[in-house]
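In the working numbering, the protein residues as written are 71 to 222.
Idealized CB from N, CA, C, for every residue including glycine.
Source: prediction; values computed, not measured.
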């Protein structure tokens with residue numbers, strides 16, 4: 071009897087796919103993806119900063135197109151990896167670290183909050199200082215993770 075109303079509702083409002091790291095929980099956690107993503111952000115900032123601006127005195131359309139293509143790709147990869155870093159850190163923050171870890175790391179929440187903000191800043195800007203600060207904070211989180219894992 072209830073089947074028909076639910077079928078009708080499902081047709082009007084179909085279910086959407088939902089993605090998560092793992093809500094089983096799988097127990098497989100590591101800061102390595104965040105580290106790799108943060109290093110990638112630094113490398114993309116470096117490549118962007120190394121790009122030569124167009125030489126308008128000796129303009130070459132093909133060279134300009136190539137540089138524009140490279141710039142676009144570097145920006146895309148930088149933003150994508152800043153987002154990956156943020157996602158991986160949030161998984162650690164919300165799924166791995168527990169209230170008892172706050173006793174070991176009183177600045178845990180502030181450190182993760184700062185890292186998330188740095189991920190956003192690195193998506194918005196081409197800023198080597200911010201990129202290197204992201205690596206530093208991710209390393210700080212990785213050290214917290216290693217100490218917490220050693221306690222278990």
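Open item on the list: Do residue 208 and residue 42 count as a contact pair if the criterion is CB distance below 8 angstroms?
Closed with: As shown, the chain starts at 71 and ends at 222. That puts residue 42 outside it, with no answer to give.
TODO: May I ask you to report which of helix, strand or coil DSSP gives residue 208?
DONE: Taking the chain shown and counting its residues from 1, the one referred to as residue 208 is at position 138. Residue state, collapsed to three classes: helix.
- [ ] Measure from the alpha carbon of residue 196 to the alpha carbon of each residue in 104, 147, 130 and 129, then state which is nearest.
- [x] Position 126 of the chain shown, counting from 1, holds the residue named residue 196. Closest by alpha carbon: 147.
Task: Alpha carbon of residue 171 to alpha carbon of residue 144, nearest angstrom - done: As a working note, residue 171 is residue 101 in the chain shown. As a working note, residue 144 is residue 74 in the chain shown. Put simply, the backbone Cα of residue 171 is about 37 angstroms away from that of residue 144.
TODO: For my contact list, residue 112 and residue 205 are in at a C-beta cut-off of 8 angstroms; report their separation, rounded to the angstrom.
DONE: As a working mapping, residue 112 is identified with position 42 in the chain shown. As a working mapping, residue 205 is identified with position 135 in the chain shown. Taking C-beta atoms under 8 angstroms as the contact rule, residue 112 and residue 205 qualify, at a distance of about 6 angstroms.
Task: Same chain only: Cβ atoms within 6 angstroms of residue 132, ignoring 5 sequence neighbours per side - done: The residue given as residue 132 occupies position 62 in the chain shown. Here the set comprises nothing.
Task: Pick from 177, 200, 193 and 160 that is closest to residue 101, judged by C-alpha positions - done: Walking along the chain shown from the start, residue 101 turns up at place 31. Here the closest residue by C-alpha is 160.
Task: Length of the line joining the Cα atoms of residue 219 and residue 158 - done: Here the question's residue 219 lines up with position 149 in the chain shown. Here the question's residue 158 lines up with position 88 in the chain shown. Taking the straight line from one Cα to the other gives about 17 angstroms.
- [ ] Give the DSSP-derived three-state secondary structure of residue 82 in the structure shown.
- [x] Here the question's residue 82 lines up with position 12 in the chain shown. Under the three-state reduction of DSSP, residue 82 is assigned to helix.
- [ ] From the DSSP output, in three-state form, read off residue 168 for me.
- [x] Residue mapping note: residue 168 aligns to position 98 of the chain shown, counting from 1. In the structure shown, residue 168 falls within a coil segment according to DSSP collapsed to helix, strand and coil.
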